[in-house]
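Peer 1: Quick one: the structure is below, and I'll ask about it shortly.
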Amino acid sequence: MIVSIKGLTRSFGDVRAVTGVDLDIYEGEFITLLGPSGSGKTTVLRMIAGFEKPDSGTIELAGKDVSQLPPYERDVNTVFQDYALFPHMNVISNIEYGLKVKGSAKEECNARAIEALRQVRLEGYEGRKPSQLSGGQRQRVALARALVNRPSVLLLDEPLGALDLKLREQMQIELKQLQREVGITFIFVTHDQEEALTMSDRIAVFNNGKIEQLGVPREIYENPISAFVSEFVGQTNRIVIDKSRINIRPEQVSVSKMNSLGNRSLTGTLRDVIFVGASTRYLVDTSCGAVISILPVGDLKVGDEVMVSWDKEKEFLVH
């Protein structure tokens with residue numbers, strides 16, 4: 114266990130940001146704290162970093178209670194969304210900065226900075242200023258600056274949020290690959306559920322200052338334990354049927370002209386066909402509410418009387 118959090122709470126005035134969070138994080142793990150704005154995930158990250166002190170509870174790093182220690186006495190580094198690079202310094206100086214502050218020898222600073230640049234695939238960019246780099250390159254420099262200190266834990270506070278979609282998707286793959294190569298524990302904060310599902314070994318879903326569910330991505334997606342998790346992580350259909358509120362994923366629902374392809378079905382009218390690139394969504398109005406399917410059978414047109422159907426064992430009850 115590299116990080117152990119017990120009973121963590123934090124309030125800001127009358128607002129309870131974090132309430133009784135317990136979380137154990139394993140060495141070498143990529144874990145994501147996922148949730149909407151105000152759910153408590155960033156406050157937990159900042160308490161691990163030492164930027165905020167808990168009102169109660171403990172944070173242990175490698176078995177040592179660091180709850181009240183300042184950031185510089187914790188074996189962690191943080192990568193921020195805005196990169197926080199020094200604009201007047203070139204790339205190599207930005208990366209060396211933390212080592213120089215610690216008093217490392219000049220030769221060691223340079224050698225470790227060059228190695229960190231290699232890890233983030235930016236060899237040859239040593240002399241450039243941050244203003245001469247793309248957003249993705251600046252993010253890699255920020256990563257290198259954090260990795261050069263060889264922390265036990267790397268904290269990442271929505272580090273890809275400022276990037277455009279295509280670059281963000283590319284960086285998701287590269288960041289996960291980098292984490293495997295360096296073997297450092299990554300604690301990653303995001304509100305983007307697709308990002309969390311793509312990158313994580315485990316996901317902690319936050320809601321109202323608490324962890325609503327903790328598990329591997331497939332478990333979180335396929336077996337959500339609450340309405341909040343099922344609706345926040347991935348797209349879902351919310352239906353009241355036989356006086357029970359159920360959720361069913363669009364990829365589990367077929368839509369056809371009055372042919373039931375599962376042991377649960379509803380009739381309705383095809384209201385819209387929405388092309389979204391990788392898939393097409395079929396929006397059907399039923400007596401139990403609107404249902405989205407991405408599994409069409411046959412040639413369907415807006416206005417058709419259709420049937421949506423699914424296997425009952427693929428749905429989950431919500432409360």
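Residue numbering for the sequence shown follows the working numbering, starting at 114 and increasing by one per position. No residue lacks a Cβ here, since even glycine has one placed at the ideal position from N, Cα and C.
Could you work out which residue in K177, E325 and K242 is closest to S339 when comparing CA atoms only?
Peer 2: The option with the nearest alpha carbon to S339 is E325.
Peer 1: With which residues is Q306 paired in a DSSP beta bridge?
Peer 2: BP columns for Q306 are empty, so no partner.
Peer 1: Near Q365, what residues of its chain come up, given a Cβ to Cβ distance below 6 Å and the 5 sequence neighbours on each side ignored?
Peer 2: Within the same chain, Q365 has close Cβ partners W423 and K427.
Peer 1: Let's see if you can read the secondary structure: which residues bound the alpha helix (DSSP H) around M420?
Peer 2: Run containing M420: none in the alpha helix (DSSP H); it sits in the beta strand (DSSP E), E418 to W423.
Peer 1: To the nearest angstrom, how far is the alpha carbon of G176 from that of L278?
Peer 2: Their backbone Cα atoms lie some 39 Å apart in a straight line.
Peer 1: Are there 16 or more other CB atoms within 10 angstroms of the CB of Y334, so buried, or fewer, so exposed?
Peer 2: When all chains shown are included, Y334 counts as buried.
Peer 1: Helix, strand or coil for A224? Go by DSSP, reduced to three states.
Peer 2: A224: helix per DSSP, three-state reduction.
Peer 1: In the region 172 to 236, which residue ranges form an unbroken alpha helix (DSSP H) of at least 4 residues, counting only runs that do not cross its ends?
Peer 2: Taking only runs of at least 4 residues, the alpha helix (DSSP H) segments lying wholly in the region 172 to 236 are 204 to 214 and 219 to 232.
Peer 1: Does the region 149 to 163 come into contact with the region 122 to 132, if we say contact requires no fewer than three beta-carbon pairs (one atom in each stretch) closer than 8 Å?
Peer 2: Counting Cβ pairs under 8 Å, three or more are found: they touch.
Peer 1: One question on the structure: do L146 and V157 come within less than 8 Å of each other, judged by their Cβ atoms?
Peer 2: Yes, they are a contact pair.
Peer 1: Taking 8 Å as the threshold (C-beta atoms), are P337 and I405 in contact?
Peer 2: Not in contact: I405 and P337 (Cβ atoms no closer than 8 Å).
Peer 1: Specify the secondary structure class of F164 as computed by DSSP and reduced to three states.
Peer 2: It is coil, neither helix nor strand.
Peer 1: Give me the Cα-Cα distance between Q283 and V342, rounded to the nearest whole angstrom.
Peer 2: Distance between the alpha carbons of Q283 and V342: 26 Å.
Peer 1: Taking Cβ positions, are N223 and E209 nearer each other than 8 Å?
Peer 2: A contact, by the Cβ cut-off of 8 Å.
Peer 1: State the Cα-Cα distance for the pair Q250 and G163, rounded to the nearest angstrom.
Peer 2: Taking the straight line from one Cα to the other gives about 27 Å.
Peer 1: In three-state DSSP terms, what is G381?
Peer 2: Strand at G381.
Peer 1: So for A275, helix, strand or coil by DSSP?
Peer 2: It is coil, neither helix nor strand.
Peer 1: Which residues mark the beginning and the end of the alpha helix (DSSP H) in which Y334 is found?
Peer 2: That run of the alpha helix (DSSP H) goes P330 to E335.
Peer 1: Suppose the cutoff is 7 Å on Cβ atoms and the five residues either side in sequence are ignored; what does the same chain contact list for R241 look like?
Peer 2: Within the same chain, R241 has close Cβ partners N203 and V204.
Peer 1: Cα-Cα, which of I118, T122 and N190 is closest to N321?
Peer 2: Closest option to N321, Cα to Cα, is T122.
Peer 1: For T382, count the other beta carbons within 10 Å of its own beta carbon; 16 or more makes it buried, fewer makes it exposed. Which is it?
Peer 2: Its Cβ having fewer than 16 others within 10 Å, T382 is exposed.
Peer 1: Within its chain, find whatever has a CB closer than 6 Å to the CB of S378; leave out the 5 residues flanking it on each side and keep chain order.
Peer 2: Once the five neighbours on either side are set aside, the close Cβ partners of S378 are M420 and S422.
Peer 1: Spell out the partners DSSP gives Q245 in its beta bridges.
Peer 2: Paired residues: none, contrary to the question.
Peer 1: From which residue to which residue does the beta strand (DSSP E) around A391 run?
Peer 2: Counting along the chain, A391 falls outside any beta strand (DSSP E), and DSSP gives it neither H nor E.
Peer 1: What ranges does the beta strand (DSSP E) occupy inside the region 310 to 368, keeping only unbroken runs of at least 3 residues that lie completely in it?
Peer 2: The qualifying runs are 315 to 320, 323 to 328, 350 to 354 and 357 to 361.
Peer 1: Whole angstroms is fine: what's the gap from L413's alpha carbon to S369's?
Peer 2: L413 and S369: Cα-Cα distance of roughly 7 Å.
Peer 1: Taking only three categories from DSSP, how would you classify L413?
Peer 2: L413: coil per DSSP, three-state reduction.
Peer 1: Work out the CA separation of R231 and V116 for me, nearest whole Å.
Peer 2: One C-alpha to the other measures close to 28 Å.
Peer 1: What are the residues that DSSP puts in a beta bridge with S124?
Peer 2: Looking at the DSSP assignment, S124 forms a beta bridge with R129.
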